[in-house]
Amino acid sequence: MDNWLGLDPRPRLTTEQRLAYERDRTDVRSQSLNQTTFTVTLFYLLYAAIDVLLLGDIVWLSLGLRFGVILPLALALSHYQSGRRPIAYKEAATLAAVIAGNIVWCIVLVSSESPSALHYYYAAAVFQMVVTIAVRAPLTITLYATLCCFLINYGFIWFLEGVTLDYLLYHLALYIPTVALTLISSHQLEAERQIAFLQAHENEALKRELSRQNGELERLSATDPLTALPNRRGAEAELARLRRWYRTDDLAHSALLLIDIDNFKAFNDNYGHNAGDACLRAVAECMRRELPDSIHLSRHGGEEFLALMPLSDPARAGMFAERMRRAVRSLGIEHAHTGDRNRHVTISIGIGYGSIADEARFSETLDAADRGLYAVKDNGRNAWRFGPPAEGERIDAA
Numbered sequence: 001m002d003n004w005l006g007l008d009p010r011p012r013l014t015t016e017q018r019l020a021y022e023r024d025r026t027d028v029r030s031q032s033l034n035q036t037t038f039t040v041t042l043f044y045l046l047y048a049a050i051d052v053l054l055l056g057d058i059v060w061l062s063l064g065l066r067f068g069v070i071l072p073l074a075l076a077l078s079h080y081q082s083g084r085r086p087i088a089y090k091e092a093a094t095l096a097a098v099i100a101g102n103i104v105w106c107i108v109l110v111s112s113e114s115p116s117a118l119h120y121y122y123a124a125a126v127f128q129m130v131v132t133i134a135v136r137a138p139l140t141i142t143l144y145a146t147l148c149c150f151l152i153n154y155g156f157i158w159f160l161e162g163v164t165l166d167y168l169l170y171h172l173a174l175y176i177p178t179v180a181l182t183l184i185s186s187h188q189l190e191a192e193r194q195i196a197f198l199q200a201h202e203n204e205a206l207k208r209e210l211s212r213q214n215g216e217l218e219r220l221s222a223t224d225p226l227t228a229l230p231n232r233r234g235a236e237a238e239l240a241r242l243r244r245w246y247r248t249d250d251l252a253h254s255a256l257l258l259i260d261i262d263n264f265k266a267f268n269d270n271y272g273h274n275a276g277d278a279c280l281r282a283v284a285e286c287m288r289r290e291l292p293d294s295i296h297l298s299r300h301g302g303e304e305f306l307a308l309m310p311l312s313d314p315a316r317a318g319m320f321a322e323r324m325r326r327a328v329r330s331l332g333i334e335h336a337h338t339g340d341r342n343r344h345v346t347i348s349i350g351i352g353y354g355s356i357a358d359e360a361r362f363s364e365t366l367d368a369a370d371r372g373l374y375a376v377k378d379n380g381r382n383a384w385r386f387g388p389p390a391e392g393e394r395i396d397a398a
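Oh and the sequence shown: position 209 is 209 in the UniProt record's numbering, straight run, nothing missing.
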């Protein structure tokens, strides 16, 4: 929609956006309304001095109505605004109080016989400014308040002492432009608020989507696409997390399980890459099922996998190594090119037990697991063994 008279069009909000807009502005608007009520009430009461100067014949009526009616009403309104109520209700109550103040002011002026009342009555435009610019309620309810003030002011104007048709026209010549300009300001203020809200709302949505996409990219960059296990980068991220969460002394008792699929090159060469990929996926899924979530399993490269077991002990590491070995053998994936008595896909596991608290000690523990793995390979495969420094018993296939 093109701008009309240079004004920003009010954006069309969906029901969800409208509710979010109301929630978003509630706290700030409640505080703003409270401050506006205090300021406007203060000026309204101070204007009793103008009544004393210009309308000496109705001083006590003015003081009685201003301090006996409007002041208690303003205090009650302030209490109402401080409660947990919909902001639309608070804005309506504030406008109602302004209209009540307008009525009281009109009663004071029409009760006076002073000629100054006619000049003073031009101040009726101030109430129009209050309902539009000071209160800053949504345009629709502001229009209703504007209509009420207009009817009140031009209903009472006929009761002023000395009013004439010429005076009425002069008054309208001032009042009508005031109404038009303040309503334009009210429209512009609301349009700007809603546009700013939508922009902020869209920016937050973009930030959330960007954060989600970055998280997804981070996850994908740390995930092996073939097996859906974390890759080396994922393992490094897990190590970094462990080092943030645990003390160095805690991570001194950790195990690394280096797992290798036996004779995988021969399997890949003889059965083809598709079969090799399927074998890798099946073995990865099988091992992941055998391990609790607290043990991080990643693809270390090629047909090698790495399991991180922080805060563990050698017996527990050996138990899970044997559990994985048996589970993979039980898959029954045929492999007729092993070169030994095993005619199915099996795994060999080397276990390093030590510290993973920093890169140097992690490398030492991983080297121990690597030595354990080579020892298994040199002695028939389909087994697991600890590498130095925690030498353990080798368990062969049954």
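Heads up, the beta-carbon is just placed ideally off N, CA and C, and yes, glycines get one too.
Reduced DSSP category for Tyr271 - H, G, I as helix; E, B as strand; rest coil: helix
Helix, strand or coil at Ile347 according to DSSP, with G and I counted as helix: strand
Alpha-carbon spacing of Asp370 relative to Leu217, whole angstroms: 31 Å
Cβ-Cβ distance between Val104 and Phe127 below 8 Å: no
Limits of the unbroken alpha helix (DSSP H) element including Ala116: Before going on, a small fix: residue 116 reads as Ser here, not Ala. 116-120 is the extent of the alpha helix (DSSP H) around Ser116.
Simplified DSSP state of Tyr154, which is helix, strand or coil: helix
Per DSSP, cross-strand counterpart(s) of Gly352: Leu256
For Ile261, three-class secondary structure by DSSP: strand
Residues near Gly162 in its chain [Cβ-Cβ closer than 7 Å; skip 5 each side]: Pro115, Leu118
CA-to-CA distance, Ala278 to Thr227, given in whole angstroms: 9 Å
With 16 other Cβ atoms within 10 Å as the buried cut-off, status of Leu151: exposed
Anticipated Cβ contact below 8 Å, Asp313 with His253, distance rounded: 7 Å
Cβ-based neighbour list, Glu22, same chain, cut-off 8 Å, excluding 5 preceding and 5 following: Pro86, Ile87, Ala88
C-beta contact flag for Val108 and Ile58 at 8 Å: yes
Phe362 beta carbon less than 8 Å from that of Glu303: no
Beta-carbon contacts of Tyr80 that lie in its chain and below 6 Å, excluding the five residues immediately before and after: Ala93
One or two residues paired with His201 in a DSSP bridge: According to DSSP, which records beta bridges pairwise, His201 is partnered with nothing at all.
For Ser82, the first and last residue of its enclosing alpha helix (DSSP H): 71-82
Length of the line joining the Cα atoms of residue 399 and Gly83: The question about residue 399 has no answer here: the residues shown for the chain are numbered 1 through 398.
Ser11 - DSSP class collapsed to helix/strand/coil: Checking the sequence shown, residue 11 turns out to be Pro, not Ser. Pro11: coil per DSSP, three-state reduction.
Burial state of Ser221, where buried means 16 or more other Cβ atoms lie within 10 Å: exposed
Assigned secondary structure, Ser185 (DSSP; H/G/I helix, E/B strand, else coil): helix
Three or more C-beta pairs below 8 Å linking the stretch 11-31 and the stretch 198-206: yes
Rounded straight-line distance, which links the Cα of Glu334 to that of Arg343: 6 Å
Counted within 10 angstroms of its Cβ, other Cβ atoms place Thr164 as buried (16 or more) or exposed: exposed
Euclidean distance between Cα positions of Leu256 and Leu373: 11 Å
Own chain residues within Cβ distance below 7 Å of Val131, not counting five before or after: Leu95, Val98, Thr142, Ala145, Thr146, Cys149
Reference Pro138, options Leu280, Asn153, Cys106, Arg193, closest by Cα: Arg193
Ala96 - DSSP class collapsed to helix/strand/coil: helix
Whole-angstrom distance between Lys90 and Arg243, CA atom to CA atom: 53 Å
Boundaries of the alpha helix (DSSP H) in which Leu308 is found, first to last residue: Where Leu308 is concerned, there is no enclosing alpha helix (DSSP H), although the beta strand (DSSP E) it sits in stretches over 304-309.
Residues that DSSP places opposite Phe386 in a beta bridge: Ile351
According to DSSP, residues forming a beta bridge with Leu297: Ala307
Cβ shell of Leu251 (< 8 Å), same chain only, five flanking positions each side left out: Leu242, Arg243, Pro310, Leu311, Ser355, Ile356, Ala357
Ile347 to Asp262 span [Cα, whole Å]: 5 Å
Candidates Asn102, Ile349, Ala284, of which the one nearest Asn153 by Cα: Asn102
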